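Right, dumping it as structure tokens:
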């Protein structure tokens, strides 16, 4: 059994910040009128603020997630970032926000030196189906020991999913 404690990634913060700043710079250099710049500029700014609030785990003002999860009747269960993962041979437990969600062992979507993308699917033994969870793990999201243990688990211990 492997317990992973995830931390917010500085690499992801830099990439998202540069993308939002680049979007704003391209909008203002496009030579459009102020009226045409207002809506895309405000949407980009709102997206960046929402990302920063989710990163800080400030779920009370999670605009986008709160809207979409409430319209589906899922009431904040999937809002918040993934904090802990427990990986075992037959199941996984993903702590998302303040909820523990039982999932199947992860499937690997992408694997490289700096980035791992895992996909957790719902455990079929449970009566309530959860949506699949895709988890992006940057190199600096885990300690070196946890990173090594995760790579060893994925390479040797993780059951291969078809």
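Residue numbers (the numbering used here): 122 to 283. We put the beta carbon where it would ideally sit given N, CA and C, even for glycine. Remember, predicted model here, so these are calculated numbers, not experimental data.
Pairs of beta-carbons, one from the region 264 to 278 and one from the region 142 to 157, closer than 8 Å: are there three or more? no
Tell me residue 125's beta-bridge partners as DSSP assigns them. 206
Using 7 Å as the threshold, is the C-beta distance between residue 259 and residue 130 below it? yes
Just list the alpha helix (DSSP H) runs in the region 122 to 179, keeping only unbroken ones of 4 residues or longer that don't cross its boundaries, in chain order. 131 to 150 and 155 to 176
For residue 159 and residue 132, I'd like the C-alpha separation in whole angstroms. 29 Å
Specify, as a first and last residue, the run of the alpha helix (DSSP H) that residue 275 falls within. Looking at the DSSP string, residue 275 is not in any alpha helix (DSSP H), and its letter there is neither H nor E.
If you measure between the beta carbons of residue 230 and residue 216, is that distance less than 7 Å? no
Less than 8 Å between the CB atoms is what I'm expecting for residue 127 and residue 263, so what's the real figure, rounded? Contact holds; Cβ gap of about 7 Å.
With H, G and I counted as helix, E and B as strand and the rest as coil, what does DSSP make of residue 252? coil
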